[in-house]
DNA sequence: ACCAGTGACGCAATAGTATACCACTTCGCC
DNA sequence: GGCGAAGTGGTATACTATTGCGTCACTGGT
Ligand SMILES: [Zn+2]
Ligand SMILES: [Zn+2]
Ligand SMILES: [Zn+2]
Ligand SMILES: [Zn+2]
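Residue numbers (the UniProt record's numbering), protein chains in the order written: chain A, 1 to 156; chain B, 1 to 156.
Dropping the structure here:
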């Protein structure tokens, strides 16, 4: 039920490559590099920060370059968008599943920017029930929880 | 526990005015008009749409004009931001409370754009528990649920 | 090996969202 | 009336994201 989310950035890249092969989609050098950069940044990366870093080694990079790569990675469920911050974070799951795609929760430290991802079925269940009470169906959930992480809390 | 959310736009404006008086903050003509425009739009309004509408009657309106008004209204809890859409929606609560401020959930129809607001304590409780298990504190939650409303579902 | 079809990329322009800054006015208070 | 704080006008700019089009590279079938 819980996957462990302890994979290193390198491991995530290997897993992503493997996964793309299985799905028959192309993990091109640009996509790979973008995924590496996002994976290396625990707090998530803004698109133009990403562009800056990518530019240093890939001079022809432009906004569409990074947005296209991010769109691809999001479609594969390898990267998620943090809506409340216009930022992008790598999915830490070693084995992203389809049901996970629209059903994860992010926990964000407002002090240090750490982001942790959860995918708790109870949350999805509660949300489904909630919307059902109003006659809605649930297709996608955005859940972003902002607070203080243990480290920052004890520092304060 | 549940407030009814059936107030008309006019009623919401009156309530907001009353509320600002109580709090000792100024419900200026610009702020009032922005709140009216947002309240009149059930699916929420984008900032520049709002600017367009405001401009027709208030020629000197500029982006800062509307963002300042929106910031004020959000501080008072009269308007919420829909993070996943860069849009703003009026809080339908006749009596917004402080605990409500960071603890509401939005249900959004992807077909017609309707937005309904809920503030269910069970959700906040579950989120608090969830983050507590990871040692975090919870200060603010963004919960946006996208799906089909009853009308759009039966139409499909 | 050849070719057509598709998808990825390079590149320029533009659309859309939000803030910084400074001057001036209005308000509430003394 | 004088004062400080808050609100507004106005300009500029920063930040975020998409469109459109031409070209190139990979893929699959022949
Ligand atoms: Zn996971
Ligand atoms: Zn922290
Ligand atoms: Zn309410
Ligand atoms: Zn609908």
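By construction, the Cβ of each residue, glycine as well, lies at the ideal position given by its N, Cα and C atoms. All values reported here derive from a predicted model rather than from experimental measurement.
**Prompt:** For residue 66 (chain A), which of helix, strand or coil comes out of DSSP?
**Reply:** Of the three classes helix, strand and coil, the one that applies to residue 66 (chain A) here is helix, per DSSP.
**Asked** So residue 35 (chain A) packs on residue 90 (chain A), CB below 8 Å; how close in whole Å?
**Response** Going by Cβ atoms, the distance from residue 35 (chain A) to residue 90 (chain A) rounds to 7 Å, so yes, they are a contact pair.
**Message:** Between residue 74 (chain A) and chain B, is the shortest Cβ-Cβ distance under 8 Å, so that the two count as touching?
**Reply:** Not one chain B Cβ lies under 8 Å of residue 74 (chain A).
**Asked** Are the region 121 to 140 of chain A and the region 138 to 155 of chain B in contact at 8 Å, needing three or more beta carbon pairs?
**Response** Inter-segment contact for the region 121 to 140 of chain A and the region 138 to 155 of chain B is present: three or more beta-carbon pairs are separated by less than 8 Å.
**Message:** Using beta carbons (cut-off 8 Å, strictly below), is residue 115 (chain B) in contact with chain A?
**Reply:** Taking Cβ atoms only, chain A never reaches closer than 8 Å to residue 115 (chain B), which makes this a no.
**Asked** Is the region 107 to 117 of chain A touching the region 109 to 120 of chain B in the sense that three or more CB pairs, one from each, lie closer than 8 Å?
**Response** Contact between the region 109 to 120 of chain B and the region 107 to 117 of chain A is absent, because fewer than three Cβ pairs lie under 8 Å.
**Asked** For residue 114 (chain A), which of helix, strand or coil comes out of DSSP?
**Response** If DSSP states are grouped into helix, strand and coil, residue 114 (chain A) belongs with coil.
**Prompt:** Closer than 7 Å, Cβ to any Cβ of chain A: which residues of the region 134 to 151 of chain B, in chain order?
**Reply:** Within the region 134 to 151 of chain B, the qualifying residues are 134, 135, 136, 137, 138, 139, 140, 141, 142, 143, 144, 145, 146, 147, 148, 149 and 150.
**Message:** Can you tell me whether residue 114 (chain B) sits near ligand 4, meaning its C-beta is under 7 Å from at least one heavy atom of the ligand?
**Reply:** When distances are taken from the beta-carbon of residue 114 (chain B) to the heavy atoms of ligand 4, the shortest one is below 7 Å.
**Request:** Check each candidate in A:48, A:155 and A:126 and name the one with the smallest Cα separation from residue 143 (chain B).
**Result:** Taking only the C-alpha atoms, the option nearest residue 143 (chain B) is A:126.
**Message:** Check for me: the beta strand (DSSP E) holding residue 88 (chain B) runs from which residue to which?
**Reply:** Residue 88 (chain B) -> beta strand (DSSP E) spans 87 to 90.
**Message:** If I follow the unbroken beta strand (DSSP E) through residue 106 (chain A), where does it start and stop?
**Reply:** For residue 106 (chain A), the uninterrupted beta strand (DSSP E) run begins and ends at 105 to 109, by DSSP.
**Residues, ordered as in the chain, of the region 14 to 42 of chain B that lie near chain A by beta-carbon distance below 9 Å** = Against chain A - using a Cβ distance shorter than 9 Å - the region 14 to 42 of chain B contributes no residues.
**Pairwise C-alpha distance: residue 30 (chain B) and residue 20 (chain B)** = Between residue 20 (chain B) and residue 30 (chain B), the alpha-carbon positions lie close to 14 Å from each other.
**Prompt:** Is any beta-carbon of chain A found at less than 8 Å from that of residue 123 (chain B)?
**Reply:** So, interface residue.
**Request:** Closer than 8 Å by beta-carbon distance: list the chain A residues that pair up with residue 131 (chain B), in chain order.
**Result:** Residues of chain A passing the Cβ test: 107, 145 and 147.
**Message:** Considering just the uninterrupted stretch of the alpha helix (DSSP H) at residue 78 (chain B), what are its terminal residues?
**Reply:** Taken as a continuous stretch (DSSP letters only), residue 78 (chain B) belongs to no alpha helix (DSSP H), as it is neither H nor E.
**Item:** Alpha-carbon spacing of residue 33 (chain B) relative to residue 54 (chain B), whole angstroms
**Value:** Linking residue 33 (chain B) to residue 54 (chain B) through their CA atoms gives a straight-line distance of about 8 Å.
**Asked** residue 45 (chain B) CB to nearest chain A CB: under 8 Å?
**Response** The beta carbon of residue 45 (chain B) does not come within 8 Å of any beta carbon belonging to chain A, so the residue lies off that interface.
**Item:** Spatial distance of residue 87 (chain A) from residue 117 (chain A) (CA atoms)
**Value:** When rounded, the separation of the alpha-carbon atoms in residue 87 (chain A) and residue 117 (chain A) is 14 Å.
**Message:** When you compare the CB of residue 83 (chain A) with every CB in chain B, is at least one pair closer than 8 Å?
**Reply:** True, the Cβ-Cβ gap to chain B drops below 8 Å.
**Asked** Can residue 145 (chain B) be considered in contact with ligand 4, in the sense that its beta carbon sits closer than 7 Å to one or more heavy atoms?
**Response** Not under cutoff, so the answer is no.
**Asked** At a cut-off of 7 Å, is residue 109 (chain A) close to ligand 2 when judged by its beta-carbon and the heavy atoms of the ligand?
**Response** Correct: residue 109 (chain A) has its Cβ closer than 7 Å to ligand 2.
**Residue of B:128, B:146 and B:79 minimising C-alpha distance to residue 139 (chain B)** = Minimum Cα distance to residue 139 (chain B) is reached at B:128.
**Asked** In three-state terms, what does DSSP make of residue 25 (chain A)?
**Response** Looking at residue 25 (chain A) - three-state DSSP - the assignment turns out to be coil, as it is neither helix nor strand.
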